[in-house]
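Taking the working numbering, the leading residue of the sequence shown gets 1115, the next gets one more, and so forth. Okay, structure first, notes after.
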Amino acid sequence: MSTTSDRAKRQSIIEACRQMNQLGINQGTSGNISLRHADGMLITPTSTPYETMKPGQIVFMKLEDGPPHAKQRPSSEWRFHRDILKARAEVNAVVHAHPPYATILAIMGLAIPPIHYMIACAGGDTIRCAPYATFGTEELSQQAVTALKGRSACLLAHHGMIAVGPSLSKAMWLAVEVETLARQYYGCLQIGKPPLLSKEEIEKVRLRMAGYGPPDE
Ligand code: 13P
């Protein structure tokens, strides 16, 4: 039986999925989203078009368990969603997408360096690129958790991007910022080697930006 907050969370996940595609940071049924809920998470179902997705198709999974033996299968990436939520108590939302520019950099195995002060939004002076591992695997999950250490976003080699946050609106906002940074870095690389901001400057910005962006709730 769904509680109101359970249903509202399911609806917010679907709306965020549709928004990912409308914003151009994802396409088709790629990407997936999870939200912490009670002792588990609500996560998008695998391979399901966002336009027709219904709240009842969002899957609930306990963080200590594997996927439920239900008709509706969770995203193939349930492992990294679960492992990120388990490793990071401050994270309530995980957004995974295949944004064009972030994925171009990820294909080339490039981390995003401090080209712009907004990189501080992701928690540090770089957005790391996790080494390649097959989608849906334990190995990919471990690589993602490692690349996210001290950060709220990372790239996944030959795959895409993950952004996390205390709320879904914050994680979605960050996903768009990461794609913007990726696009800027890609543009800079067409001209040459961009000058970078220092680690100290990014740390100064990070502290000034505390609380910046959409609400944490
Ligand atoms: P799902 O449809 O299983 O969520 O997979 C999409 C995806 O992006 C895998 O990385």
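Even for Gly, the Cβ is constructed at its ideal location relative to N, Cα and C. This one's a predicted model, so the numbers in the text were calculated from it and none came from an experiment.
So is residue i buried or exposed if we call it buried at 16+ other beta carbons inside 10 Å?
| i | result |
| --- | --- |
| Gln1257 | buried |
| Ser1312 | exposed |
| His1183 | exposed |
| Pro1163 | exposed |
| Glu1252 | exposed |
| Ile1276 | buried |
| Asp1197 | buried |
| Gly1325 | exposed |
| Glu1191 | buried |
| Ala1122 | exposed |
| Met1323 | exposed |
| Met1222 | exposed |
| Ser1349 | Only positions 1115 to 1331 of the chain appear in the structure, and residue 1349 is not among them; the question remains open. |
| Ile1305 | exposed |
Verify the contact flag: residue i, CB atom, against every heavy atom of the ligand GTP, threshold strictly below 8 angstroms.
| i | result |
| --- | --- |
| Phe1249 | The ligand GTP is absent from the structure shown, which contains only the ligand 13P. |
So who's on the other strand from residue i, going by DSSP bridges?
| i | result |
| --- | --- |
| Ala1207 | Leu1149, Gly1279 |
| Met1175 | Met1155 |
| Pro1188 | Pro1159 |
| Gly1170 | The partner list for Gly1170 (beta bridge, DSSP) is empty, contrary to what the question assumes. |
| Gly1274 | Leu1270 |
Could you pull out every residue in the same chain whose Cβ sits closer than 8 angstroms to the Cβ of residue i, ignoring the five residues on either side in sequence?
| i | result |
| --- | --- |
| Arg1202 | Leu1262, Val1278 |
| Thr1248 | Leu1254 |
| Leu1137 | Val1290 |
| Ile1316 | Pro1228, Tyr1231, Ile1233, Ala1234, Gly1238, Asp1239 |
| Ser1126 | Leu1149, Leu1282 |
| Arg1193 | Gly1250, Thr1251, Glu1252, Leu1254, Ser1255 |
| Tyr1300 | Tyr1215, Ile1218, Leu1219 |
Below 6 angstroms CB to CB, which residues in the same chain sit around residue i once its five sequence neighbours on both sides are set aside?
| i | result |
| --- | --- |
| Pro1328 | Ser1283, Lys1284, Trp1287 |
| Arg1242 | Ala1225, Ala1261, Cys1268 |
| Tyr1246 | Ala1271, His1272 |
| Ser1189 | Asn1146, Ile1157, Thr1158, Thr1160 |
| Arg1320 | Ala1234 |
| Ala1244 | Gln1257, Ala1258, Ala1261, Cys1268, Leu1270 |
| Glu1331 | Ser1281 |
So residue i and residue j are in contact, right, with Cβ under 8 angstroms, and what is the actual spacing, rounded?
| i | j | result |
| --- | --- | --- |
| Ala1152 | Ala1211 | With a Cβ gap of about 26 angstroms, Ala1152 and Ala1211 do not count as contacting. |
| Leu1238 | Gly1264 | Checking the sequence shown, residue 1238 turns out to be Gly, not Leu. Their Cβ separation, rounded to whole angstroms, is 6 angstroms, which keeps Gly1238 and Gly1264 in contact under 8 angstroms. |
| Ala1216 | Val1292 | 6 angstroms |
| Cys1131 | Ile1157 | That pair is no contact at about 11 angstroms. |
| Pro1213 | Ala1271 | That belief does not hold up - the Cβ atoms of Pro1213 and Ala1271 are roughly 14 angstroms apart, past 8 angstroms. |
| Met1155 | Met1175 | 6 angstroms |
| Pro1169 | Arg1187 | Actually they are not in contact, since the Cβ atoms of Pro1169 and Arg1187 sit about 16 angstroms apart, beyond 8 angstroms. |
| Ala1236 | Ser1266 | 5 angstroms |
| Ala1199 | Val1208 | Reading the sequence as shown, one finds Leu at residue 1199 and not Ala. Right, the Cβ-Cβ distance comes to about 7 angstroms (below 8 angstroms), so this counts as a contact. |
Which residues in the same chain as residue i place their Cβ atom closer than 7 angstroms to its Cβ, once the five residues preceding and following it in sequence are excluded?
| i | result |
| --- | --- |
| Gln1298 | Ile1229, His1230 |
| Cys1302 | Ile1229, Pro1308 |
| Gln1171 | Pro1159, Thr1162, Gln1186 |
| Asp1179 | none |
| Leu1177 | Asp1153, Gly1154, Met1155, Arg1196, Leu1199, Lys1200 |
| Arg1124 | Leu1156, Pro1169, Ile1172 |
| Glu1204 | Pro1280 |
For the region 1221 to 1271, which segments carrying the beta strand (DSSP E) assignment without a break, of at least 3 residues, lie completely within its bounds, in sequence order? 1267 to 1270
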